[in-house]
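Since the structure comes first, as structure tokens, the remarks are kept for the end.
Protein chains in written order, with the working numbering: chain A, 260 to 652; chain B, 3 to 94.
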């Protein structure tokens, strides 16, 4: 792999971006966060719909997602924006973020005089943070610093036959270099339990993985959900799939999970947006497949880069982590040319082999790590969504 | 010549990218090399062809993993699909 240069954070983690994050702790101040970050280069505001009116596991998950977003090594400094009466306490969140050693501050709208005063104070803080971070130099880092999320969205026939398998070979290569890969989309691994458990590093990891898949099967069996969301159900190999050439549920799901490589062991299973451990290998994050929520979860669990395969093309981006779009569909390369970063359509058309395309992809991933922007970054995409697991009060 | 694709070096099936007729030669693109074989029967585009003989009960391997098992002996060049492949997962 090409030599990598990244930003080493006070907690030892390595990032490939140097973002100053302006994060509302509750949706009520989303717009204030946007106004603060507006026109300040290097500052990015996220929007979300949580922070209050959530209970139990749902509240804890929201808190964890915001916390781990700030802890992502692509983030250099954080300003939290509170309202003053929300469930998530900005002071508590700031204290937890501060343990990383990164610069963290919080401001509370109800204490400052409302929108204009809060925006003014926020801009003072953020412009100073941006100025400080701009002085940081990239330093040489090892490929083992990469935590690569792999995801697919807008899939078609080309995804399972070209882009996903190419990403799989990149995943194996990255593992060989000591890196971590994070696979998720629990709905898409249904049917491959016996294959995945053989790759698990311990019986405990295998049991946890099977348990997560079983829960997703039960959840997707729920009333009306099949029709509403089209969520995969067990043995969901439809007559259309069979006509298209898919023989078993294992084959169908393998087309998706091949993104996670062929040889690298599964070394852990984490909750949605829970930080992955330091062991090199394939990690699994329990998550729905829905693109904005899944990419947000991958970023929050620590991914500093994401390879995102798409058959039909999707523009989605993330405020913190580069989302690299890959397609194997030649028509999509044309139809969605503004949004595609990597074209592997030679696999299904002519010429290219998995070996050649995966080697090119590794080079491109290194370029993105070293500062080249993805299409979605260049357009300023900042899609952020936290999956919900409980009722709103 | 018709085109096929081998996903992993462990695979014993390839996916054909064109409609293939009996006795046509399929050129299958592997990880780094090309494997040519003669189709023993018609195989529709997007469906699978056996790269080698698969004994009855043996694993059918695609993406390097077992996608099912052969319900009866499958000869090299045969069409591989639901008529000759079963899934233990689905039978559970």
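Yeah, the Cβ is synthetic: ideal placement off N, Cα and C, and Gly gets one too.
All values reported here derive from a predicted model rather than from experimental measurement.
Just verifying my parser: in three-state terms, what is the DSSP assignment at residue i?
i	result
residue 17 of chain B	strand
residue 365 of chain A	strand
residue 470 of chain A	helix
residue 282 of chain A	strand
residue 81 of chain B	strand
residue 484 of chain A	Legend: pLDDT at residue 484 of chain A = 38, less than 50; position of this residue unreliable, value from coordinates given subsequently. Three-state DSSP puts residue 484 of chain A in a helix.
residue 599 of chain A	coil
residue 634 of chain A	helix
residue 287 of chain A	helix
residue 334 of chain A	strand
residue 312 of chain A	coil
residue 394 of chain A	coil
residue 656 of chain A	Because chain A spans 260 through 652 in this model, residue 656 of chain A falls outside it and cannot be assessed.
residue 508 of chain A	helix
residue 425 of chain A	helix
residue 52 of chain B	strand
residue 553 of chain A	helix
residue 503 of chain A	helix
residue 76 of chain B	strand
residue 535 of chain A	coil
residue 650 of chain A	coil
residue 352 of chain A	helix
residue 294 of chain A	helix
Would you check if the distance between the CB atom of residue i and the CB atom of residue j is smaller than 8 Å?
i	j	result
residue 3 of chain B	residue 29 of chain B	yes
residue 413 of chain A	residue 514 of chain A	no
residue 392 of chain A	residue 628 of chain A	no
residue 368 of chain A	residue 341 of chain A	yes
residue 548 of chain A	residue 633 of chain A	no
residue 207 of chain A	residue 50 of chain B	A query on residue 207 of chain A cannot be resolved here, the shown segment of chain A reaching from 260 to 652 and no further.
residue 14 of chain B	residue 45 of chain B	no
residue 451 of chain A	residue 512 of chain A	yes
residue 289 of chain A	residue 559 of chain A	no
residue 313 of chain A	residue 649 of chain A	yes
residue 12 of chain B	residue 59 of chain B	no
residue 468 of chain A	residue 528 of chain A	yes
residue 82 of chain B	residue 55 of chain B	no
residue 509 of chain A	residue 47 of chain B	no
residue 79 of chain B	residue 42 of chain B	yes
residue 265 of chain A	residue 403 of chain A	no
Among residues of its own chain, excluding the 5 on either side of residue i, which ones have a beta-carbon nearer than 6 Å to its beta-carbon?
i	result
residue 617 of chain A	425, 428 and 429
residue 6 of chain B	16, 18, 28 and 30
residue 526 of chain A	460, 538 and 540
residue 488 of chain A	Only weak support is given to the placement of residue 488 of chain A: the predicted model assigns it a pLDDT of 37, under 50, and the value that follows is read from those uncertain coordinates. Correct list: empty, nothing qualifies.
residue 524 of chain A	458, 460 and 540
residue 353 of chain A	339, 363 and 365
residue 57 of chain B	75
residue 309 of chain A	321 and 645
Leaving aside the five residues before and after residue i along the sequence, list all residues of the same chain whose C-beta is less than 8 Å from its C-beta, in chain order.
i	result
residue 462 of chain A	none
residue 665 of chain A	The displayed coordinates of chain A run from 260 to 652. Any statement about residue 665 of chain A would go beyond what the structure contains.
Would you list the one or two residues that DSSP bridges to residue i?
i	result
residue 71 of chain B	B:61 and B:88
residue 267 of chain A	A:273
residue 29 of chain B	B:5 and B:38
residue 439 of chain A	A:406 and A:540
residue 358 of chain A	In the DSSP output, where bridge partners are listed per residue, residue 358 of chain A has none listed.
residue 583 of chain A	A:566
residue 45 of chain B	B:22
residue 400 of chain A	A:263
residue 411 of chain A	A:568
residue 302 of chain A	A:279
residue 329 of chain A	Beta-bridge pairing links residue 329 of chain A to no other residue.
residue 525 of chain A	A:459 and A:541
residue 371 of chain A	Partner(s): none; residue 371 of chain A has no beta bridge.
Could you pull out every residue in the same chain whose Cβ sits closer than 7 Å to the Cβ of residue i, ignoring the five residues on either side in sequence?
i	result
residue 357 of chain A	363
residue 592 of chain A	586, 599, 602 and 604
residue 582 of chain A	554, 565, 567, 575, 576, 633 and 635
residue 517 of chain A	423, 424 and 427
residue 500 of chain A	511
For residue i, return the contacting residues in chain E, with the cut-off set at a CB-CB distance below 7 Å.
i	result
residue 51 of chain B	Here the protein chains are A and B, and chain E is not one of them.
* **Contacting positions in the stretch 517-539 of chain A - beta carbon closer than 7 Å to chain B** => Those residues of the stretch 517-539 of chain A that come within reach of chain B (Cβ to Cβ, closer than 7 Å) are 517 and 521.
* **Residues of the stretch 497-511 of chain A whose Cβ lies closer than 8 Å to any Cβ of chain B, in chain order** => Of all residues in the stretch 497-511 of chain A, only 501, 503, 504, 506, 507, 508, 509 and 510 place a beta-carbon less than 8 Å from a beta-carbon of chain B.
* To do: With 9 Å as the C-beta to C-beta threshold (strictly closer), list the residues of the stretch 54-65 of chain B near chain A in chain order.
  => 62, 64 and 65
* For the stretch 449-465 of chain A, which residues have a CB atom closer than 7 Å to at least one CB atom of chain B, in sequence order? -> 450, 453 and 454
* **Cβ-based contacts, 9 Å cut-off: residues of the stretch 555-578 of chain A near chain B** => Of all residues in the stretch 555-578 of chain A, none has a Cβ within less than 9 Å of some Cβ in chain B.
* Give the residues from the stretch 3-32 of chain B that approach chain A closer than 7 Å (Cβ to any Cβ), ordered along the chain. => 7, 9, 10, 17, 19 and 31
* **Contact residues within the stretch 323-354 of chain A, judged by C-beta distance below 8 Å to chain B** => none
* Using a Cβ cut-off of 7 Å, which residues of the stretch 421-448 of chain A contact any Cβ in chain B, in chain order? -> 424
* the stretch 582-613 of chain A: which residues have C-beta closer than 8 Å to a C-beta of chain B, in chain order? -> Of all residues in the stretch 582-613 of chain A, those with a C-beta nearer than 8 Å to a C-beta of chain B are 606, 607, 612 and 613, reading in chain order.
* **Selection of the stretch 385-419 of chain A by Cβ proximity to chain B, strictly under 8 Å** => Those would be 416, in chain order.
* Between the stretch 69-81 of chain B and chain A, which residues of the former have CB atoms less than 7 Å from a CB of the latter, in chain order? -> Of all residues in the stretch 69-81 of chain B, only 69 and 70 place a beta-carbon less than 7 Å from a beta-carbon of chain A.
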